[in-house]
Ligand SMILES: [Zn+2]
Ligand SMILES: [Zn+2]
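Next up, the structure:
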């Protein structure tokens, strides 16, 4: 991956017109809004129970993001970080502390099914747990049991989003490089977002960063000839951008139409659109952890 990551002090600022190629969010704010959006979407959904479960997990991530902000800031100042981030041994103590807090809190509010998942997580030996964390951070979720993955992912997601927030890097796209994966953590996008400015950003599933990509080209193979938008109606704020060249798609969220959309929550709540696209032999090229138990 060809990536240019620049220190804040050395980058030539591109913000004179208000445009920036990289947007780093605040994890606690993002997780709180996402939990609220999941609860709202559950009200009219055939998959209400699952959206509420996802909301419970994300609500705990909001608390983790507050409680671990300082430990992660300390971690960032004490460790030499390389970009894009790649999980190493030094991450495990914080990830394990996050997992302990997440499972203790979730056990008090979640259903019996999730309590069983928590029990089986606590039975894992540390070698297996580390193997699972590493596989998820390296975009290999198929190596992890799906029901365990959603809780382990919650820790990785919270940790990497705090890490990129505290380091506050800026990023300059290389000319002619089409960035499908996150320039900061190497994670896959969840979805595209069309901002009020009309610019398209990809939203990282792992660290919640958003990076700019031109519109009307496939985010995976960069083809611009066979791109279509598909949805139930032309008015839908969540559509799918399909590519007839590589037969894949990514959801595209029009924030200009509906500003409170959340990439993870609204991607999950539009599962019916995925089912229709899958019948036409189009596959997802983005990643949403909450889809794992639905597709494995
Ligand atoms: Zn990322
Ligand atoms: Zn394509």
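Numbering (the working numbering), first residue to last: 1 to 296.
Note that beta-carbon positions come from the ideal geometry of N, C-alpha and C, so glycine has one too.
In this text, all values refer to a predicted model and were calculated from it rather than measured experimentally.
Enclosing beta strand (DSSP E) for residue i [first to last residue]
i, result
"residue 212", "210-212"
"residue 220", "First-last for residue 220: undefined, no H or E at that position."
"residue 190", "189-194"
"residue 230", "227-230"
"residue 202", "200-204"
Which listed residue (the options) has its alpha carbon closest to that of residue i
i, options, result
"residue 78", "195, 166, 253 and 219", "166"
"residue 251", "44, 63 and 218", "218"
"residue 101", "265, 118, 131 and 243", "118"
"residue 154", "140, 133, 143 and 174", "133"
"residue 99", "256, 181 and 150", "150"
"residue 124", "137, 152 and 139", "152"
"residue 35", "53, 87 and 74", "53"
"residue 245", "272, 285, 164 and 253", "285"
"residue 242", "230, 235 and 210", "230"
"residue 23", "292, 212, 260 and 262", "212"
"residue 108", "57, 121, 144 and 178", "57"
"residue 47", "162, 182, 193 and 271", "271"
"residue 278", "162, 257, 130 and 240", "240"
Same chain only: Cβ atoms within 6 Å of residue i, ignoring 5 sequence neighbours per side
i, result
"residue 10", "Summary for residue 10: the model assigns pLDDT 45, below 50, so the residue's position carries little reliability; its value from the coordinates is reported in the next sentence. If we look at residue 10 and ignore the five residues flanking it on each side, it has no Cβ neighbours."
"residue 39", "55"
"residue 294", "none"
"residue 186", "84"
Close beta carbons around residue i, own chain, < 7 Å, minus the five adjacent residues each side
i, result
"residue 216", "224 and 227"
"residue 288", "190, 205, 264, 267 and 268"
"residue 283", "247 and 248"
Residue i - containing alpha helix (DSSP H), residue span
i, result
"residue 167", "146-167"
"residue 300", "In the structure displayed, the chain extends from 1 to 296; residue 300 sits before or after that span and is not available."
"residue 130", "126-137"
"residue 34", "27-42"
"residue 55", "48-67"
"residue 117", "112-122"
"residue 292", "292-295"
Chain-order list of residues whose beta-carbon lies under 8 Å from that of residue i (same chain, five-residue window excluded)
i, result
"residue 158", "27, 31, 61, 64, 65, 68 and 98"
Near ligand 4: residue i beta-carbon under 8 Å from a heavy atom
i, result
"residue 275", "Among the ligands in the structure shown, ligand 4 does not appear; only ligand 1 and ligand 2 can be found there."
### Query
For ligand 1, which residues have a Cβ under 6 Å from at least one heavy atom, in chain order?
This selection yields 182, 184, 185, 187, 204, 206, 207 and 209.
Among all residues, which have a Cβ less than 5 Å from at least one non-hydrogen atom of ligand 2, and in what chain order do they fall?
-> Checking every Cβ against the heavy atoms of ligand 2 under 5 Å gives 218, 220, 221, 223, 243, 245 and 246.
Considering only residues of the stretch 240-272, which uninterrupted beta strand (DSSP E) runs meet the minimum length of 3 residues and lie entirely inside it, listed in chain order? If we require 3 residues or more, the beta strand (DSSP E) runs fully inside the stretch 240-272 come out as 248-254.
Can you give, in chain order, each stretch of the alpha helix (DSSP H) that sits fully within the stretch 80-109 and has at least 4 residues? Those alpha helix (DSSP H) runs which fall completely within the stretch 80-109 and span 4+ residues are 92-109.
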